[in-house]
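What follows is a set of notes on a single structure, which appears directly below.
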Amino acid sequence: MSETGFDALDIETLRKRKSEKWHHYPADILPAWVAEMDFPLAPPVQRALEEALENSDAGYPISPNKTGIREAFADRMTKRFGWTVDPGDLTVLSEVVQGLYLALGSLTEPGEGAIVQTPIYPPFLQAVKDTDRQLVENRLVRKSGGWEIDFERLEAAIAPNTRAFLLCNPHNPSGRVLTRQELENLAELVLAHDLVVVADEIHADLTFDGRVHIPFASLGSEVAARTVTLNSASKSFNIAGLRCSVVHFGSPALRQRFDSHYPQHVRGGLGLPGLYATIAAWRDSQAWLDQAVAYLEANRNFLAGELAKRFPKIRWEPAEGTYLAWLDCSEMGWQGSPTQRFRERGKVALSEGGKFGSGFEQFTRLNFATSREILTAVLDRMEKAL
Ligand SMILES: Cc1ncc(COP(=O)(O)O)c(C=O)c1O
402 MSETGFDALD IETLRKRKSE KWHHYPADIL PAWVAEMDFP LAPPVQRALE
452 EALENSDAGY PISPNKTGIR EAFADRMTKR FGWTVDPGDL TVLSEVVQGL
502 YLALGSLTEP GEGAIVQTPI YPPFLQAVKD TDRQLVENRL VRKSGGWEID
552 FERLEAAIAP NTRAFLLCNP HNPSGRVLTR QELENLAELV LAHDLVVVAD
602 EIHADLTFDG RVHIPFASLG SEVAARTVTL NSASKSFNIA GLRCSVVHFG
652 SPALRQRFDS HYPQHVRGGL GLPGLYATIA AWRDSQAWLD QAVAYLEANR
702 NFLAGELAKR FPKIRWEPAE GTYLAWLDCS EMGWQGSPTQ RFRERGKVAL
752 SEGGKFGSGF EQFTRLNFAT SREILTAVLD RMEKAL
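Going by this note's numbering, the sequence shown opens with residue 402, and the numbers climb by one from there.
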């Protein structure tokens, strides 16, 4: 076991978890798909949950607004990202994806267009379809340094009925962390075409090589006034199962539309453990997170080296953030899905590229938030599928 404990959990221990990652596929398949980490919890988060258990604290939760969760988020945004947030502009929900659906449903009308940049975390595509909005697909383009926005094509895609831009930054699955210049170019288009931005910034903490995430709403008051930001401690601190997220409204008008669209009860409630754990994560777990990000960055570097050695034909622009590797297997010359091949022949589960947008069927997504030992086992199994 290392000093940090990030490689403390072996496969046998991880299989005792009841999570989807470890139980969706049969036990002979090693999971490296859904975005959760094979790490132990941050000690302050663990303590907060233990305390709740010791007190049998499982009653109805008090209003999230009285727990200090909004202040914890606001303080964190100022301290880490230089973004001044008024706690009064925040609402607490249970899921980021829930926020995505609610924002689309309340801030746009059926039939109006929502821009999604593919490849993209699949619920973005599903949310647009499920809410009967029109999917406006703007593909990212691959340059030598990674996936980038083609601003000319983006502007050409905006039609008179296009109302929303769904931003995912840091980006799942490419791992891109957009630069200030890219965000400013985006802001210019958004202002010129009067779009509402729904910014999913759930991976904000997970950035490498000294990069610092820039919240879209921090670009200025005009930009903030049309931006709804979604965030959560669930990715960075690996508490996705505890169901807790925050929404920031850059203007009272956005908040009013969002809040009045669905009755409170339709949104569902929050559990106390999610609230306690999120506050402990944001307030007390930075030291753990710094170590986790360093471990992930080292895993990213290890993965880049191993892929180049073992799979020279698989193309990857190493992630600038997140813990996801977006692998292009098209030069392997395989028939059918590489994800299926890895699963059937190598007994390793990655995420199906085609679900991230059309034209990405020869891609697969690998989650490298695991111990170095398990990551090596994932690569060994992938090699068996060759
Ligand atoms: C970009 C992005 N948004 C949202 C989520 C899920 O968040 P939640 O479970 O809070 O809906 C994920 C999970 O991987 C994600 O990568």
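Note that the Cβ used here is the ideal one computed from N, Cα and C, for glycine as well. Just so it is clear, the structure is predicted and the values come from calculations on it, not from any experiment.
- Beta-bridge pairing by DSSP links Asp-601 to Cys-569, Leu-631.
- When the beta-carbon positions are compared, Gly-722 and His-604 come within less than 7 Å of each other.
- Residue environment for Asn-539: buried (at least 16 other C-beta atoms within 10 angstroms of its C-beta).
- The Cβ neighbour count for Gln-518, taken over all protein chains shown within 10 Å, is at least 16; the residue is labelled buried.
- Counting along the chain, the unbroken beta strand (DSSP E) around Gly-514 starts and ends at 514 to 519.
- Ile-463 counts as exposed, since fewer than 16 other C-beta atoms from the protein chains shown sit within 10 angstroms of its C-beta.
- With respect to Ala-618, Gly-651 sits close: the two C-beta atoms are nearer than 7 Å.
- The closest heavy atom of ligand 1 lies 6 Å or more from the beta carbon of Asp-531.
- The beta strand (DSSP E) runs lying completely inside the stretch 516 to 560 and spanning 3 residues or more are 535 to 540, 542 to 544, 547 to 549, given in chain order.
- In this structure, the straight-line span from the alpha carbon of Glu-451 to that of Leu-671 is close to 18 Å.
- Linking Leu-567 to Pro-511 through their CA atoms gives a straight-line distance of about 16 Å.
- The beta-carbon distance between Leu-584 and Ile-559, rounded to whole angstroms, is 17 Å. This is too long to meet the 8 Å contact definition.
- At least one heavy atom of ligand 1 lies closer than 6 Å to the C-beta of Ile-603.
- With 16 or more other Cβ atoms inside 10 Å of its own Cβ, Gly-514 counts as buried.
- Note: Phe-712 is not bridge-paired with any residue in the DSSP secondary-structure output.
- With respect to Glu-732, Thr-740 sits apart: the two C-beta atoms are not nearer than 7 Å.
- Ranked by Cα distance from Trp-434, the first of Leu-776, Lys-785, Ile-715, Leu-787 is Leu-776.
- For Asp-439, no beta strand (DSSP E) run applies, since DSSP gives it neither H nor E.
- At a cut-off of 6 Å, the beta-carbon of Cys-645 does not count as near ligand 1: no heavy atom of the ligand is closer than that.
- Distances taken from the Cβ of Asn-586 to the heavy atoms of ligand 1 include none shorter than 6 Å.
- For Leu-590, the closest of Glu-602, Tyr-696, Asp-551 by C-alpha to C-alpha distance is Asp-551.
- DSSP places Asn-562 outside both helix and strand once states are collapsed to three, so it counts as coil.
- Not one heavy atom of ligand 1 sits closer than 6 Å to the Cβ of Ser-772.
- In the structure shown, Trp-727 adopts extended strand secondary structure according to DSSP, grouped into three states.
- At least one heavy atom of ligand 1 lies less than 6 Å from the C-beta of Tyr-522.
- A direct Cα-Cα distance of roughly 47 Å separates Thr-492 from Pro-713.
- For Val-591, there is no enclosing beta strand (DSSP E); the enclosing alpha helix (DSSP H) covers residues 581 to 593.
- Shown here for Arg-416: same chain residues with a beta carbon closer than 6 Å to its own, the five before and five after excluded, namely Trp-423 in chain order.
- Annotation for Ala-443: Phe-638, Ser-686, Trp-689 place their beta carbon closer than 6 Å to its own, counting only its chain and skipping 5 residues before and after.
- Close CB contacts of Leu-607 within its chain, under the 8 Å cut and outside five residues either way in sequence, are with Pro-571, Lys-636, Ser-637, Val-694, Leu-697, Gly-722, Thr-723, Tyr-724 (chain order).
- Leu-508 sits close to Arg-658, with the two beta carbons spaced by under 7 Å.
- With a cutoff of 7 Å on beta-carbon distance, Pro-445 and Arg-471 are scored as not near each other.
- Taking all protein chains shown into account, Gly-737 has fewer than 16 neighbouring C-beta atoms within 10 Å of its C-beta and is therefore exposed.
- Unbroken beta strand (DSSP E) stretches of 3 residues or longer found wholly inside the stretch 642 to 726: 646 to 650, given in chain order.
- Sequence-distant partners of Phe-743 (beyond 5 residues in either direction) whose C-beta falls short of 7 Å from its own C-beta, in its chain, are Val-749, Leu-751, Thr-765, Met-783, Ala-786.
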